[in-house]
Amino acid sequence: MINIKGLSFIYNDTKEPALNNINIQINEGEFVGIAGPTGAGKSTLTLCLNGVIPHFLHGDFYGEVKVDGKDTVDNGCAKIAYSVGSVFQDPEAQIVSTGVEDEIAFGLENLNIPRIEIAQRIKESLEMTGISELRHYSTSQLSGGQKQRVAIASAIALRPKILVLDEPTSELDPKGSLDIFNTLRRLNQEYNITIVVVEQKIQLLSEYCSRLVIMEKGNILLDGATRSVLADQETLQRIGVSAPPVTRLAYMLKKQGLYQGEFPINVDEAHLMVSKVLHEKCK
Ligand SMILES: Nc1ncnc2c1ncn2[C@@H]1O[C@H](COP(=O)(O)OP(=O)(O)OP(=O)(O)O)[C@@H](O)[C@H]1O
Ligand SMILES: [Mg+2]
1 MINIKGLSFI YNDTKEPALN NINIQINEGE FVGIAGPTGA GKSTLTLCLN
51 GVIPHFLHGD FYGEVKVDGK DTVDNGCAKI AYSVGSVFQD PEAQIVSTGV
101 EDEIAFGLEN LNIPRIEIAQ RIKESLEMTG ISELRHYSTS QLSGGQKQRV
151 AIASAIALRP KILVLDEPTS ELDPKGSLDI FNTLRRLNQE YNITIVVVEQ
201 KIQLLSEYCS RLVIMEKGNI LLDGATRSVL ADQETLQRIG VSAPPVTRLA
251 YMLKKQGLYQ GEFPINVDEA HLMVSKVLHE KCK
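Take the sequence shown: its letter number 138 is residue 138 in the UniProt record's numbering, and every next letter is one higher.
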């Protein structure tokens, strides 16, 4: 679904590459989380997936990016939008309409979707993001978190094959963040939408993503199944990405020789691990 070969990108008027020889393939139906320190190139990578780079943001572009079989250099953003829905890091920059309903309709109208279907999709995407009550709000009235949900609803309404989200929960409280990730899980499992999400809250990534990509200084440092990436605590600590508490606990128990099993990635698994350790200790 996504095939990136030898991708490097240097923004105009900068020296250091924001992306440095990135190679990655993402299959249909994967749920991929991207994390890494500030300036690692996470947003730049997402902008390469929806064609904003190289069509709107300019610089030196090397390599090849294909999404849903389309080369992003040969196809404009509008064509890529049939396949890739985007939620940008700054929802403010994404919202173009004065009303919520118009905002969701905007992308659909651009794709020439019939009126009656537009109404249906607006209703559906508002429900899926839990903001049906905002339908007739003005976008200037919305809080940051509400804007993020409207941006997600607008992207979902296009029923893309791939959904790329850059820190979609940055303005949301823990409950709102969980709601968004539950929505993403549903889109992934029920509609087989491929999800690529940049997220700082590593606990969310560990619970929801099947694969994690860790970036640093324009490079992909780690890429693999969530559990195996989280197991590389030394690398994560070195670049300042904190692993979820349950994984850190396992790491400490392993270091002390108290636990030899797999790294837990959620509270239920950690519970099992602690029970095992206690059981061994009390023998
Ligand atoms: N529009 C731009 N023009 C010039 N340089 C840019 C631009 N956007 C990003 N950069 C530079 O590219 C590098 C990667 O930035 P990017 O925004 O992709 O990082 P990030 O991992 O998303 O960081 P954050 O966690 O802070 O969002 C940084 O060095 C940044 O300064
Ligand atoms: Mg960013």
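The beta-carbon is built from N, C-alpha and C at its ideal position, and this holds for glycine as well.
- No heavy atom of ligand 2 is found nearer than 6 Å to the CB of Gln141.
- Within its own chain, the residues whose Cβ lies closer than 8 Å to the Cβ of Thr14, once the five positions on either side in sequence are excluded, are Gly59, listed in chain order.
- Every beta strand (DSSP E) stretch that sits fully inside the region 162 to 206 and reaches 3 residues is listed by chain position as 162 to 166, 194 to 198.
- According to the DSSP secondary-structure assignment, Leu7 is paired through a beta bridge with Ile22.
- In this structure Leu205 is in contact with Leu212, their Cβ atoms being roughly 6 Å apart against a cut-off of 8 Å.
- According to the DSSP assignment, Glu103 belongs to the alpha helix (DSSP H) that extends over 100 to 110.
- Going by DSSP, Lys66 is part of the beta strand (DSSP E) stretching over 59 to 67.
- Two segments are said to touch when three or more pairs of C-beta atoms, one from each, lie closer than 8 Å; by this definition the region 190 to 206 touches the region 27 to 37.
- Here the residues close to ligand 2, judged by CB distance below 7 Å to any of its heavy atoms, are Lys42, Ser43, Gln89, Asp166, Glu167, Val198 in chain order.
- Per DSSP, the beta bridge partners of Arg211 are Val32, Ala225.
- Straight-line measurement puts the Cα of Asn192 at about 20 Å from the Cα of Ala151.
- For Ala151, the distance from the CB to the nearest heavy atom of ligand 1 is not below 6 Å.
- Within the same chain, Glu103, Thr139, Lys147, Val150, Ala151 come within 7 Å of Ile95 by CB-CB distance, once the 5 residues on both sides are set aside.
- Sequence-distant Cβ neighbours of Ala105 in its own chain, meaning closer than 7 Å and more than five residues away, are Ile118, Ile122.
- Inclusion of Phe61 and Phe9 in the CB contact set at 7 Å is warranted, their separation being smaller than that value.
- Look at the beta carbons and you see the region 225 to 236 not touching the region 19 to 26: under three pairs across the two are nearer than 8 Å.
- Contact check between the region 162 to 170 and the region 83 to 94: three or more CB pairs, one atom from each, fall below 8 Å, which counts as touching.
- Taking the Cβ of Tyr251 as the reference point, every heavy atom of ligand 1 lies at 6 Å or farther away.
- For Gly261, there is no enclosing beta strand (DSSP E), as DSSP gives it neither H nor E.
- Put simply, of Pro264, Cys48, Glu64 the residue whose alpha carbon is nearest the alpha carbon of Gln233 is Pro264.
- Shortest gap from the CB of Gly29 to any heavy atom of ligand 1: 6 Å or more.
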